[in-house]
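Chemist:
Number of protein chains: 2
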Amino acid sequence: MNSAQPGRHAVKTTDTAFDIVESLWELETASLGTLAERHGVAKSTVHRHLATLINRGYVVREGDEYRLSLKFLDIGQFTRTREEAYVLAKPKVRELAEKTDERAQFIVEENGRAVYVHMAAGDHAVTTNTYVGKHAPIHASAAGLAILAKMDEATVENVIERHGLPSYTEYTITTRDALYDELEAVRERGYSVNDQGHIRGLRAVGAPVCDRNDEVIGALSISGPTNRMQGEWFDDKLPALLCGSANELELNIAF
Amino acid sequence: MNSAQPGRHAVKTTDTAFDIVESLWELETASLGTLAERHGVAKSTVHRHLATLINRGYVVREGDEYRLSLKFLDIGQFTRTREEAYVLAKPKVRELAEKTDERAQFIVEENGRAVYVHMAAGDHAVTTNTYVGKHAPIHASAAGLAILAKMDEATVENVIERHGLPSYTEYTITTRDALYDELEAVRERGYSVNDQGHIRGLRAVGAPVCDRNDEVIGALSISGPTNRMQGEWFDDKLPALLCGSANELELNIAF
DNA sequence: GCTAAGCTTTTCGATATGCGGAACGGGTTG
DNA sequence: CAACCCGTTCCGCATATCGAAAAGCTTAGC
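Those protein sequences? They're chains C and Y, same order as listed. Yeah, the first sequence ends on 248 if you go by my numbering, and it's all consecutive. Yeah, the second sequence ends on 248 if you go by my numbering, and it's all consecutive.
In structure tokens:
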């Protein structure tokens, strides 16, 4: 999944270091030998790299097993709170989840993908395998569409170019034309809708959140099962609630 | 063993890569030139490293400024949810915060330090500069003392050796004897107390959380201002509530 | 209580590879 | 227009990284 380019200017050593990190991410825990075999490098190489990572506090050793340390949690939490807007979004997400009894989230764009920054679940919310920090396809989520609708065309083109429009269900938007039509609809409506574009049986509405310069920062969204997400509730009440929250958040951000 | 020998078998290139990562952590955002100057390396070197980090998705570029990406959030969240016990602790922390109206947290030990894994604040909770992911001195926190009390002496010695017993206020435990006395008291009491050992004006109680083999996993704690943390509430009610939660959590973990 | 097998750790020399410095291109400011 | 910032590229050299093999450790099996 390393869709990196030729890496003409890449530092190979750093690449192997992060190969190890990402293996530990995937495997949860692994022995030195396992890691060496996995990447086809000598055990001594892995050993040296693990020693370095341990010294720096990114990896901890438990017997003969290695795992990632909680330093990543520390740094990760930092990236989540650095932008004041992200912090302000948190209570809004909780509020939406409580009011609607569904799952609400605040999502931002990074590298052409959607990233879950905050998430809260009402009592009846569905449990999916989404989690804070998760990266998701931007064109197949309500929040993602809301963000795209606020971007200029060049940026959208860039995203399409980098990631394409992969299909997840028969409802996924997979063509450039369909996407642009949808984005136009979002701009008219003021909010976005995702009808099972990513996961079958899941509908969502999303609203962009912009700063005082009208630059999009992220988006709020609410998602739930199709059987509850329909009728007047889905068409009117929910969007109104969502847009209200997005608006309040924008005011908080702008002061 | 060789923990005090930094760099002996270290990979220098990886070190400079993480130097850059940690500079971005500290500076929030920086230009290529700034980073080069900061570490006394050539701009070309920094450029190559940044290119590698961007390729891998750990750094994003905004104009001529670089910052850490939300990939760290993704990995960090993973390290936080990998252990089932950590996940089970979350609702208990919230519950404690709501019941006591103070700040509650779940903390684990890593590399001889205390790390905040979950945190929740009641309506009247004090706001301090603690946050999820934060690393704190283990001997100067209630949860840390609770964890130390459950460790065997060799492990405790190891922790003291690595980090010492630095002082933060006039109440901090700073001698080996005082620490061992305190740990003994914790074992008798069944819970730990931290009276302004880290921050003046802040008291806390902590209770260890163990798995079915009686191995300590982490600790729950409740903290608040000295004016509320006193009398019968602090001496009896609060510890009872805390130990109850810790007990329930242990049962959940063991099934 | 011994050997064997699994693993990590260390050593060491060859060579690939990261490094620095200088030159380049492209904006922005005076 | 020139000076100055930024990032980017090129290239030769020294060195830090690599792999293979052998040396240490534990644990397991008999």
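Glycine included, each C-beta is placed from N, C-alpha and C at the ideal position.
Does the pairing of the segment 150 to 159 of chain Y with the segment 232 to 240 of chain Y give three or more beta-carbon distances under 8 Å?
Modeler: No: the two stretches stay apart, fewer than three of their Cβ pairs being nearer than 8 Å.
Chemist: Measuring only the C-alpha atoms, how far is Arg169 of chain Y from Ile13 of chain C?
Modeler: Whole-angstrom Cα-Cα distance: 38 Å.
Chemist: Using a Cβ-Cβ distance cut-off of 7 Å, determine whether His191 of chain Y contacts chain C.
Modeler: His191 of chain Y does not count as touching chain C.
Chemist: With 7 Å as the threshold, decide whether the Cβ of Phe65 of chain C is near any Cβ in chain Y.
Modeler: Chain Y contact via Cβ: present.
Chemist: Under 8 Å between beta-carbons, which chain C residues line up against Leu61 of chain Y? List them in chain order, please.
Modeler: In chain order: Ile68, Phe71, Thr72.
Chemist: Where do the ends of the alpha helix (DSSP H) carrying Val86 of chain Y lie?
Modeler: Segment 77 to 93, the alpha helix (DSSP H) holding Val86 of chain Y.
Chemist: Please go through the same chain and pick out, in chain order, the residues whose beta-carbon is closer than 7 Å to the beta-carbon of Cys203 of chain C, but skip the five residues on each side of it.
Modeler: These residues qualify, in order along the chain: Lys143, Val209, Ile210, Glu243.
Chemist: By the criterion of Cβ-Cβ separation under 9 Å, what are the contact partners of Lys83 of chain Y in chain C?
Modeler: By Cβ distance, chain C contributes nothing, its closest Cβ being about 12 Å from Lys83 of chain Y, past 9 Å.
Chemist: Can you confirm whether His42 of chain C, when its beta carbon is compared against all beta carbons of chain Y, has any partner nearer than 7 Å?
Modeler: Chain Y contact via Cβ: present.
Chemist: Give me the subset of the segment 8 to 28 of chain C whose CB atoms are less than 7 Å from a CB atom of chain Y, sorted by chain position.
Modeler: Listed in sequence order: Asp8, Ala10, Phe11, Trp18, Glu21.
Chemist: Taking 7 Å as the cut-off, decide whether the C-beta atoms of Met112 of chain C and Val101 of chain C are in contact.
Modeler: Cβ atoms of Met112 of chain C and Val101 of chain C: not closer than 7 Å.
Chemist: Could you name the residues of the segment 128 to 139 of chain Y whose beta carbon sits closer than 7 Å to any beta carbon of chain C, in the order they occur along the chain?
Modeler: Answer in chain order: His128.
Chemist: Report yes if the CB atom of Ala139 of chain Y is closer than 7 Å to the CB atom of Ala90 of chain Y, and no otherwise.
Modeler: No; because the gap between Cβ atoms is not below 7 Å, this pair is not in contact.
Chemist: Could you please tell me which residues of the segment 44 to 56 of chain Y, in chain order, have their CB closer than 7 Å to any CB of chain C?
Modeler: Within the segment 44 to 56 of chain Y, the qualifying residues are Ala44, Thr45, Asn48, Arg49, Gly50, Val53.
Chemist: In whole angstroms, give me the CA-to-CA distance for Glu77 of chain Y and Val86 of chain C.
Modeler: Their Cα atoms are separated by approximately 25 Å.
Chemist: Whose C-beta lies closer than 6 Å to the C-beta of Val198 of chain C among residues of the same chain, with five residues either side of it excluded?
Modeler: Only Ala135, Tyr184, Val186, Ile215, Leu231, Pro232, Leu235 meet the Cβ criterion.
Chemist: Would you check if the distance between the CB atom of Ala118 of chain C and the CB atom of Phe99 of chain C is smaller than 7 Å?
Modeler: No, the Cβ-Cβ distance between Ala118 of chain C and Phe99 of chain C is not below 7 Å.
Chemist: Is the Cβ of Asn240 of chain Y closer than 7 Å to any Cβ of chain C?
Modeler: No, because no Cβ of chain C sits closer than 7 Å to the Cβ of Asn240 of chain Y.
Chemist: Since Ala3 of chain Y meets chain C, which of its residues come closer than 8 Å, beta carbon to beta carbon?
Modeler: Near Ala3 of chain Y (Cβ distances below 8 Å), the residues of chain C are Arg41, Ala44, Thr45, Asn48.
Chemist: Please confirm if Gly126 of chain Y has its CB atom under 7 Å from at least one CB of chain C.
Modeler: Chain C, which has a Cβ nearer than 7 Å to the Cβ of Gly126 of chain Y, makes this yes.
Chemist: Can a CB atom of chain Y be found closer than 7 Å to the CB of Val179 of chain C?
Modeler: Val179 of chain C does not count as touching chain Y.
Chemist: Going by the beta-carbon positions, is the gap between Ser24 of chain C and Glu55 of chain C smaller than 7 Å?
Modeler: Going by C-beta atoms, Ser24 of chain C is not nearer than 7 Å to Glu55 of chain C.
Chemist: Give me, in chain order, the residues of the same chain whose beta-carbon lies closer than 6 Å to that of Asn245 of chain C; leave out the 5 immediate sequence neighbours on both sides.
Modeler: Around Asn245 of chain C: Leu81.
Chemist: If you draw a straight line from the C-alpha of Tyr164 of chain Y to the C-alpha of Asp94 of chain Y, how long is it?
Modeler: Between Tyr164 of chain Y and Asp94 of chain Y, the C-alpha separation is close to 25 Å.
Chemist: Going straight from the alpha carbon of Gln189 of chain C to that of Leu195 of chain C, what length do you get?
Modeler: Between Gln189 of chain C and Leu195 of chain C, the C-alpha separation is close to 5 Å.
Chemist: So the alpha helix (DSSP H) Ser16 of chain C belongs to, where does it begin and stop?
Modeler: Residues 5 to 20.
Chemist: Could you spell out the range, first to last residue, of the alpha helix (DSSP H) harbouring His40 of chain Y?
Modeler: Its alpha helix (DSSP H) spans residues 36 to 49.
Chemist: Just the C-alpha distance for Ala212 of chain Y and Gly137 of chain Y, rounded to the nearest angstrom, thanks.
Modeler: The alpha-carbon atoms of Ala212 of chain Y and Gly137 of chain Y are separated by roughly 7 Å.
Chemist: Where does Glu102 of chain Y sit, in a helix, a strand or coil, going by DSSP?
Modeler: Strand, per DSSP.
Chemist: In whole angstroms, what separates the C-alpha of Ala147 of chain C from that of Leu141 of chain C?
Modeler: Answer to the nearest angstrom: the Cα atoms are 11 Å apart.
Chemist: Taking the alpha-carbon positions, what's the His132 of chain C to Asp145 of chain C distance?
Modeler: Rounded to whole angstroms, His132 of chain C to Asp145 of chain C spans 15 Å at the Cα level.
Chemist: What three-state label does DSSP hand Asp188 of chain C in the structure shown?
Modeler: DSSP places Asp188 of chain C in strand when its eight states are reduced to three.
Chemist: Comparing the C-beta of Lys123 of chain C with each C-beta of chain Y, is any distance below 7 Å?
Modeler: Residue identity check: residue 123 of chain C is Thr in the sequence provided, not Lys. It does not; no Cβ of chain Y falls within 7 Å.
Chemist: Give me the chain Y residues within the contact set of Arg75 of chain C, using Cβ-Cβ distance strictly less than 8 Å, ordered along the chain.
Modeler: Within chain Y, the residues near Arg75 of chain C are Glu21, Arg60.
Chemist: Considering only residues of the segment 134 to 199 of chain Y, which uninterrupted beta strand (DSSP E) runs meet the minimum length of 3 residues and lie entirely inside it, listed in chain order?
Modeler: If we require 3 residues or more, the beta strand (DSSP E) runs fully inside the segment 134 to 199 of chain Y come out as 185 to 188.
Chemist: Which one of C:Arg31, C:Lys92, C:Phe65 has the shortest CA to CA distance from Phe11 of chain Y?
Modeler: Measuring from the Cα of Phe11 of chain Y, the nearest candidate turns out to be C:Phe65.
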